Amino acid sequence: MAPSTTARTHALRLAGTALACAVAAAGLAGCDTGSTKSSSSSPSASASASPSSDPDQAAKDEVLAAYTNMREIQIKMADDGDLHTEDLAKFARGDAASDLKKSVLRNRAANIKFTGRPEMRPTVTSVDTKGKTATLSDCFDATKWKPVYKDSGKAVELAEQRLKYPVTSHATLEGDTWHITKITADRTKDC
216 MAPSTTARTH ALRLAGTALA CAVAAAGLAG CDTGSTKSSS SSPSASASAS PSSDPDQAAK
276 DEVLAAYTNM REIQIKMADD GDLHTEDLAK FARGDAASDL KKSVLRNRAA NIKFTGRPEM
336 RPTVTSVDTK GKTATLSDCF DATKWKPVYK DSGKAVELAE QRLKYPVTSH ATLEGDTWHI
396 TKITADRTKD C
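Everything in the sequence shown is counted per my numbering, starting at 216 for the first residue and increasing by one.
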């Protein structure tokens with residue numbers, strides 16, 4: 216059974232708060248990208264959800280947090296053009312990390328940055344704790360995440376393409392930490 220929207224929203228807010236704390240703890244300068252629409256901390260962040268009968272719920276929560284944190288670093292990378300390699304390595308490995316870094320390098324070479332934020336609705340669709348793998352599905356919506364030229368702030372004109380599409384991601388457990396290892400977007404479909 217999929218978690219309710221309220222539970223997913225709460226989990227995403229907690230993950231965003233955890234990322235903010237991790238970034239602050241690492242002493243990174245320039246954490247604020249100037250956006251006033253960042254994830255706000257929830258006043259009930261210390262309240263726990265009702266106990267789940269799903270034995271894999273803790274693993275699902277960790278996988279979802281890894282994905283959400285990876286996406287937050289991706290948004291920061293797309294805004295400032297820096298790779299944030301150490302931060303990204305905490306949540307993404309393999310093809311996922313490589314593809315995100317390549318995207319930043321392409322945009323940097325073209326003098327492009329992104330403004331705004333994408334909207335996401337990730338859910339963990341499967342977890343195999345013995346096999347140390349998990350799969351997530353997301354509806355990635357880049358409608359409000361716009362590429363602009365860094366120097367002028369002028370919008371980049373893109374070829375017509377779908378801005379809201381399904382994404383499937385895979386994660387692996389390394390030690391006691393989940394990492395996103397592959398991200399596959401299907402721009403032929405809407406979600």
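Think of the CB as a built atom: it goes at the ideal place given N, C-alpha and C, for glycine as much as any other residue.
Just so we're clear, the structure is a prediction, and the values are computed from it rather than from any experiment.
Expressed to the nearest angstrom, what Euclidean distance is found between the alpha-carbon atoms of residue i and residue j?
i: I290; j: F329; result: 8 Å
i: T383; j: L351; result: 6 Å
i: G296; j: W393; result: 26 Å
i: P345; j: I398; result: Here the sequence assigns Lys to residue 345, which means Pro is not the residue at that position. Cα to Cα, K345 sits roughly 22 Å from I398.
i: A273; j: G368; result: 43 Å
i: P362; j: E389; result: 34 Å
I need the boundaries of the alpha helix (DSSP H) containing residue i, first residue and last residue.
i: A274; result: Q272 to D295
i: D302; result: T300 to A304
Would you decide whether residue i is buried or exposed? Buried here means 16 or more other CB atoms lie within 10 Å of its CB.
i: D401; result: exposed
i: E301; result: exposed
i: P337; result: buried
i: E375; result: exposed
i: D276; result: buried
i: A325; result: exposed
i: D353; result: buried
i: E372; result: exposed
i: L320; result: exposed
i: T403; result: exposed
Rounded to whole angstroms, how far is the Cβ of residue i from the Cβ of residue j, which I believe are closer than 8 Å?
i: M285; j: A307; result: 5 Å
i: K379; j: D405; result: 6 Å
i: W360; j: R332; result: 6 Å
Since residue i is in the beta strand (DSSP E), which residue starts that stretch and which ends it?
i: V319; result: V319 -> not in any beta strand (DSSP E); alpha helix (DSSP H) instead, spanning G309 to A324.
i: E389; result: K379 to E389
i: T399; result: T392 to A400
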